[in-house]
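Chemist:
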Amino acid sequence: MKIRKAVIPVAGKGTRFLPASKEIPKEMIPIINKPMIHYAVMEAIEAGIEEILFITSEGKGSIEHYFKRNNKLEKFLKERGKDDLFEQIKTIGSSIEIQTIRQDEQLGLGHAISYAEEFTTGETFCVILGDDLILAETPVCAQLMSISNQYNNNAVIGVMEVANQDTDKYGIVDGIFLEGKKTLKMKKMVEKPSPDKAPTNLATPGRYILTNKIFDCLREIPRGVGGEYQLTDAINLLAERQDVYAHIFIGDRFDTGSIKGYLNATVEFALRNSETRDMMEEIIKDKVERYKL
Ligand code: G1P
Numbered sequence: 017m018k019i020r021k022a023v024i025p026v027a028g029k030g031t032r033f034l035p036a037s038k039e040i041p042k043e044m045i046p047i048i049n050k051p052m053i054h055y056a057v058m059e060a061i062e063a064g065i066e067e068i069l070f071i072t073s074e075g076k077g078s079i080e081h082y083f084k085r086n087n088k089l090e091k092f093l094k095e096r097g098k099d100d101l102f103e104q105i106k107t108i109g110s111s112i113e114i115q116t117i118r119q120d121e122q123l124g125l126g127h128a129i130s131y132a133e134e135f136t137t138g139e140t141f142c143v144i145l146g147d148d149l150i151l152a153e154t155p156v157c158a159q160l161m162s163i164s165n166q167y168n169n170n171a172v173i174g175v176m177e178v179a180n181q182d183t184d185k186y187g188i189v190d191g192i193f194l195e196g197k198k199t200l201k202m203k204k205m206v207e208k209p210s211p212d213k214a215p216t217n218l219a220t221p222g223r224y225i226l227t228n229k230i231f232d233c234l235r236e237i238p239r240g241v242g243g244e245y246q247l248t249d250a251i252n253l254l255a256e257r258q259d260v261y262a263h264i265f266i267g268d269r270f271d272t273g274s275i276k277g278y279l280n281a282t283v284e285f286a287l288r289n290s291e292t293r294d295m296m297e298e299i300i301k302d303k304v305e306r307y308k309l
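Next comes the structure, spelled out in structure tokens:
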């Protein structure tokens, strides 16, 4: 069964990026010349997703606009013979169908995802958290989709190994490894456990394939860690009702929701791009020398 729909929650306040996020959605803060949300949407498109739902909040209008056509700008670029830029801008505005829904109150990730019920129309769908940017040859969503296909179209949680002291930043998965040692049948998931309480060091950086049964689970869970409705708790309930898998994906992940992760991604992206590689190399060498790093 083909997974055609992706849900991207973008309602968060982005306090770590204040004061910039006072007036610009944090998702629109760029890494080099593309807003962070651009990378999440491209991951979905490259994985074959056909429709996206943004779960938004007040003041996030520019995210929607970014993915719409801008005739005035396109005309301007065309007239000046800037054909490459013209194509790029046109493609951003026309590559995928995007819907939005407003989450009036931010009561947690689980609460946000519950807004996607109508959009998903009973289909299995993918969730991408835009704060977690993952560079991968095969988009992580696509890696998880193929595991879902392999295991009866069930839910699959994307996981990566993290240092033991970092388990309290993530949803942590426990399960039994299946053949190949990259996929697990999930037993349970714990939201942000302290290192001494974490069952494993397999953490989810915000990539999920979920079946539609998740919406019943979301309706039934009480508030969890931090007084929020946690997607993790709903996934636990789902695992009691149908098989849920976890898969260690291949890719380099950047936590662009934090300043350190953002800086890391900026340097890495510049080094990986042929247009900016030399510039960044020169800058780094200069800084190392000047500040005796
Ligand atoms: C959310 C999830 C958590 C997951 C994380 C990935 O937490 O609740 O399970 O590991 O995203 O970024 P948040 O970072 O929104 O607090």
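Just so you know, my numbering puts the end of the sequence shown at 309, numbered straight through with nothing missing.
Where a beta carbon is used, it is the ideal one built from N, C-alpha and C, also for glycine.
Starting from residue 70, trace the beta strand (DSSP E) both ways and give me its first and last residue.
Modeler: Numbered from its first residue, the sequence shown carries residue 70 at position 54. Where residue 70 is concerned, the enclosing beta strand (DSSP E) stretches over 67–72.
Chemist: Hey, would you say the C-beta of residue 224 is under 7 angstroms away from at least one heavy atom of ligand 1?
Modeler: The count along the sequence shown starts at 1 and reaches residue 224 at position 208. Residue 224: no, Cβ never under 7 angstroms from ligand 1.
Chemist: Just how far apart, CA to CA, sit residue 170 and residue 275?
Modeler: Stepping through the sequence shown from its first residue, residue 170 is reached at position 154. Stepping through the sequence shown from its first residue, residue 275 is reached at position 259. Roughly 35 angstroms separates the two Cα atoms.
Chemist: Roughly how many angstroms separate the alpha carbons of residue 249 and residue 206, rounded to a whole number?
Modeler: For the purposes of this step, residue 249 is taken as residue 233 along the sequence shown, with counting starting at 1. For the purposes of this step, residue 206 is taken as residue 190 along the sequence shown, with counting starting at 1. Cα to Cα, the separation comes out at about 8 angstroms.
Chemist: Here's the rule I'm using: 16 or more other beta-carbon atoms within 10 Å means buried, otherwise exposed. How should residue 192 be labelled?
Modeler: Walking along the sequence shown from the start, residue 192 turns up at place 176. Counting Cβ neighbours within 10 Å, residue 192 comes out exposed, since fewer than 16 surround it.
Chemist: Of the choices 270, 203 and 232, whose alpha-carbon is the least far from that of residue 138?
Modeler: Taking the first residue of the sequence shown as position 1, residue 138 is located at position 122. Nearest C-alpha to residue 138: 232.
Chemist: Could you tell me whether any non-hydrogen atom of ligand 1 is closer than 7 angstroms to the CB of residue 207?
Modeler: Counting from 1 along the sequence shown, the entry for residue 207 is found at position 191. For ligand 1, at least one heavy atom lies less than 7 angstroms from the Cβ of residue 207.
Chemist: Could you pull out every residue in the same chain whose Cβ sits closer than 8 angstroms to the Cβ of residue 101, ignoring the five residues on either side in sequence?
Modeler: Along the sequence shown, one-based indexing puts residue 101 at 85. Taken in chain order, the residues that qualify are 93.
Chemist: From which residue to which residue does the alpha helix (DSSP H) around residue 285 run?
Modeler: Counting from one through the sequence shown, the residue named residue 285 turns up at place 269. Taken as a continuous stretch (DSSP letters only), the alpha helix (DSSP H) holding residue 285 covers 275–288.
Chemist: Give me the residue from 151, 61, 136 and 131 with the minimum Cα distance to residue 269.
Modeler: Locating residue 269 in the sequence shown gives position 253, where the first residue counts as 1. Ranking 151, 61, 136 and 131 by Cα distance to residue 269 puts 151 first.
Chemist: Name the DSSP beta bridge partners of residue 207, please?
Modeler: In the sequence shown, residue 207 corresponds to position 191, counting from 1. DSSP lists 187 as partners of residue 207.
Chemist: Examine the Cβ distances between the stretch 289–298 and the stretch 50–67 and report whether three or more of them are shorter than 8 angstroms.
Modeler: Judged by Cβ distances under 8 angstroms, the stretch 289–298 makes no contact with the stretch 50–67, as fewer than three pairs qualify.
Chemist: Let me know if residue 81 comes out buried or exposed under the rule of 16 or more other beta-carbons within 10 Å of its beta-carbon.
Modeler: The residue labelled residue 81 in the question sits at position 65 within the sequence shown. The residue is exposed, with fewer than 16 neighbouring Cβ atoms inside 10 Å.
Chemist: Spatial neighbours of residue 239 within its chain, please: C-beta separation below 7 angstroms, excluding the five flanking residues on both sides.
Modeler: Here residue 239 corresponds to residue number 223 of the sequence shown, with the count starting at 1. 245, listed in sequence order.
Chemist: Quick one: is residue 307 near chain D, going by C-beta distance under 8 angstroms?
Modeler: Of the protein chains in this structure there is only one, and it is not chain D.
Chemist: Using 8 angstroms as the cut-off, can you tell me whether the stretch 184–202 makes contact with the stretch 102–115, which would need three or more C-beta pairs spanning the two stretches below that distance?
Modeler: No, the stretch 184–202 is not in contact with the stretch 102–115.
Chemist: Indicate the three-state DSSP secondary structure (helix, strand or coil) for residue 262 in the structure shown.
Modeler: Within the sequence shown, numbered from 1, the residue matching residue 262 stands at position 246. Residue 262: strand per DSSP, three-state reduction.
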